[in-house]
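For reference, the structure discussed in these notes is given below.
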Amino acid sequence: MADTNMKYRLREIEFLGNRKHIIVLQDDAEWCPLVEISNIVLLRDEVPQGITICRTTNGEKYVRRVTLDHLLYTFMLRKIRLAVHKGLATEDQMNATLPVILANIRSLSTSFNVCPGGLKRTSDLEDGMEKQLYGSLGTQIYHGFLVDCQDADTSEAVGMKTYRQLLKEVEDLETSTSEGNIQRSTVIRNFSNSSKTQLTPYG
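Right, dumping it as structure tokens:
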């Protein structure tokens, strides 16, 4: 379980020549999707009341993780209520969706669970709460797991499979003693390992 008392430093910036905005700084040790999505909401003034800012004894500004959770939950709640108001969703659908949204928001500080849905286009991603959060902001995310069309062995091994299907296939192939299966497993594993270095800051 993520630490609700985890703190993120804040900085005040001038955005697009407009008034100053508060943004949340990423932790030096690890990129966090919770911070990235929160900054999009803050810079666009999607939640008018903003966030509760804390200060250290030396005056440095920071925000707690639970505050960012609440920020995103409030943002999504406003979106869903608007959909209900427009007749695009029902109250029952909203009530069923909110606990799922909250659980997924809480997981954003520890993981990012979007996997490539296809490996032919950088925008092919599996549906999930993270993708929906970015989608609700009109922000596209991408992956870097692309097959080199000139690499015949990799193209044949990967085919039209999703990333999850490839991982499952590797697990199955690695239990085989067939030389052909071992070679196929190696090709897929090499593709997966080399593709990790191609990831963009958005996925």
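The sequence shown finishes on residue 203 if you use full-length UniProt numbering, and the numbering steps up by one all the way, no holes. Virtual Cβ for every residue (Gly too), placed ideally from N, Cα, C. All values derive from a computational prediction rather than experimental measurement.
Could you say which of the options lies nearest to residue i if we only look at CA atoms?
i: E169; options: E179, A157, S178 and T177; result: A157
i: C54; options: R44, E46 and R65; result: R65
i: I105; options: N95, T67 and T90; result: T67
i: I51; options: I37, I22 and T57; result: I22
i: I80; options: G128, T177, Q132 and R164; result: Q132
i: V147; options: A96, P116 and I13; result: P116
i: R121; options: E91, T90 and K161; result: K161
i: Y8; options: T56, K20, E130 and T177; result: T56
i: A103; options: R11, T90 and E130; result: E130
i: Y142; options: D127, C149 and A152; result: D127
i: E171; options: R189, E179, R19 and G180; result: R189
Could you tell me whether the Cβ atoms of residue i and residue j are closer together than 9 Å?
i: T154; j: V100; result: no
i: V47; j: F15; result: no
i: L77; j: L98; result: yes
i: L167; j: S192; result: yes
i: Y163; j: F145; result: yes
i: I37; j: L137; result: yes
i: M6; j: S109; result: yes
Since residue i is in the alpha helix (DSSP H), which residue starts that stretch and which ends it?
i: H85; result: R65 to H85
i: V100; result: E91 to S107
i: K168; result: Y163 to L173
i: T154; result: A152 to V158
Please list the terminal residues of the continuous beta strand (DSSP E) segment that includes residue i.
i: I40; result: From DSSP, I40 is part of no beta strand (DSSP E) but of the alpha helix (DSSP H) over P33 to L43.
i: I13; result: K7 to E14
i: V24; result: K20 to V24
So what does residue i bridge to, in DSSP terms?
i: K61; result: R55
i: residue 218; result: With the chain represented from 1 up to 203, any question about residue 218 goes unanswered, as that position is not in the structure.
Between the stretch 28-36 and the stretch 45-63, do three or more beta carbon pairs fall short of 8 Å? no
Say whether the stretch 19-29 touches the stretch 85-104, bearing in mind that this needs 3 or more beta-carbon pairs closer than 8 Å, one atom from each stretch. no
Under 8 Å, with one C-beta from each stretch per pair, do the stretch 37-47 and the stretch 66-79 reach the 3-pair mark? yes
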